[in-house]
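So in the numbering used here, the last spot in the sequence shown is 332, and the numbers never skip. For each residue, glycine too, the CB sits at the ideal point set by N, CA and C.
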Amino acid sequence: MKQVFKISMAVFAVSAVTMFAACNNSKTDTKTTTTDTTTTATDHEGGDHIYACPMHPEVVGKEGDECPKCGMKLEHNDNAGAPSNVSMQFSTSPALVNPNQEVTLSMTPKLKDQPNEQVALDVEHTKKIHLIVVNEDLSWFNHIHPEINADGSYTVKEKFPTAGKYTLFADYKPTGSNHTVDNLNVTVAGTTPVAKKYGADKLTGDAGDGFSVVLTPEGGKLLTNIGMHINGVVMQDGKEVDVTTLEDYLGAKAHMVVVSLDDKKYLHVHPGVEGGKFDLHTTFDKPGVYRGWIQFQSKGKVYTSDFVMNVAEGKAADMKDMKKAEHDGH
């Protein structure tokens, strides 16, 4: 189901792929992107186990810890830090992409040392690949799911609304390997519209049918290098909705994607549920403008709320204030 908006959080660093030379509409353009997973994990000594975030395997710690980027519990993963042996072959058909023209996006995970072998992917959040699509100024967002074909490729159809550059985050986990995100690029032919400029924070996002989501950062600020705790309240027609009454969407009550405006860094945050509200934990690495989207489901329909977040550089005094606010809140 598509969600289109006129106005997109800590973070996978992903390598960009440039593609799409001018060619005739019947030709398929194919590129391969290689992802080498890097991590802060070091080789474990004395048989000690490594615990890493299942979504951000570069984040390691001890059993029981939570990922500061997405809030998920760390899981036993002695392969955290192992380089990826998977590259992603990506193409569009037609190769020359025009605005509002249906195009088939095709991606095939390949083993670097055995390129003819199919690569099995695990099912995560009910899908094998989550494809997040945004335009250059982050005023347009879509979340779609390529489906597997007999030859091991994954395809999905898409329409890009305007000319310009688009970033596609392919979020997946090869079986037996670490979770990864490939950063793919599409350039749509034509004259690119003037980029949207963002001002103050927009922390209330309308979702349609009277639904909205209100985000409130603990301490009242969005800062770097500090574990942020953000409350999310769902409203409908002016009344608060207990989020436990929402239907599961992709195996959870909600999903949140955050993307930085300047360098298109991607974060998939997993809202917890506490007291009938969404409970989000994340960390921003850099100051700047971020766009965020929360998706949830009610009565069979997926709703999307979008946000603008201006993140400032965190200072030592800010960290002290944040810790005090967190302590007072508990």
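Extent of the continuous beta strand (DSSP E) run through residue i
i	result
residue 111	105–113
residue 98	Note, residue 98: premise wrong, no beta strand (DSSP E); not H, not E.
residue 305	303–313
residue 209	206–210
residue 219	213–219
residue 169	166–174
residue 196	Careful: residue 196 lies outside any beta strand (DSSP E) and carries neither H nor E.
Whole-angstrom distance between residue j and residue i, CA atom to CA atom
i	j	result
residue 233	residue 151	40 Å
residue 277	residue 266	33 Å
residue 245	residue 251	12 Å
residue 303	residue 125	22 Å
residue 307	residue 257	11 Å
residue 238	residue 180	39 Å
residue 199	residue 96	32 Å
residue 128	residue 314	35 Å
residue 89	residue 242	45 Å
residue 92	residue 156	10 Å
residue 177	residue 117	16 Å
residue 311	residue 219	10 Å
residue 154	residue 292	35 Å
residue 52	residue 113	25 Å
residue 197	residue 139	6 Å
residue 107	residue 133	10 Å
residue 280	residue 123	29 Å
residue 65	residue 255	25 Å
residue 100	residue 145	20 Å
residue 209	residue 98	33 Å
Selection from the options that minimises the alpha carbon distance to residue i
i	options	result
residue 260	91, 120, 92, 135	135
residue 316	281, 216, 180, 222	222
residue 111	65, 206, 52, 186	186
residue 1	207, 262, 220	Not covered by the structure: residue 1. The range shown for the chain is 3 to 332.
residue 87	119, 133, 280	119
residue 299	269, 248, 290	248
residue 269	280, 295, 275, 255	295
residue 109	141, 143, 149	149
residue 262	301, 98, 309, 164	309
residue 231	104, 201, 143, 271	271
Buried/exposed call for residue i, threshold 16 Cβ in 10 Å
i	result
residue 137	buried
residue 184	buried
residue 297	buried
residue 94	buried
residue 253	exposed
residue 121	buried
residue 264	exposed
residue 273	buried
residue 211	exposed
residue 130	buried
residue 102	exposed
residue 173	buried
ask   = Does the stretch 282–294 touch the stretch 220–231, meaning 3 or more C-beta pairs lie closer than 8 Å?
value = yes
message = Taking contact to mean 3 or more Cβ pairs, one atom from each stretch, closer than 8 Å, check whether the stretch 189–205 and the stretch 166–179 are in contact.
response = yes
key: Cβ contact (3+ pairs, closer than 8 Å) linking the stretch 201–217 and the stretch 156–163   = no
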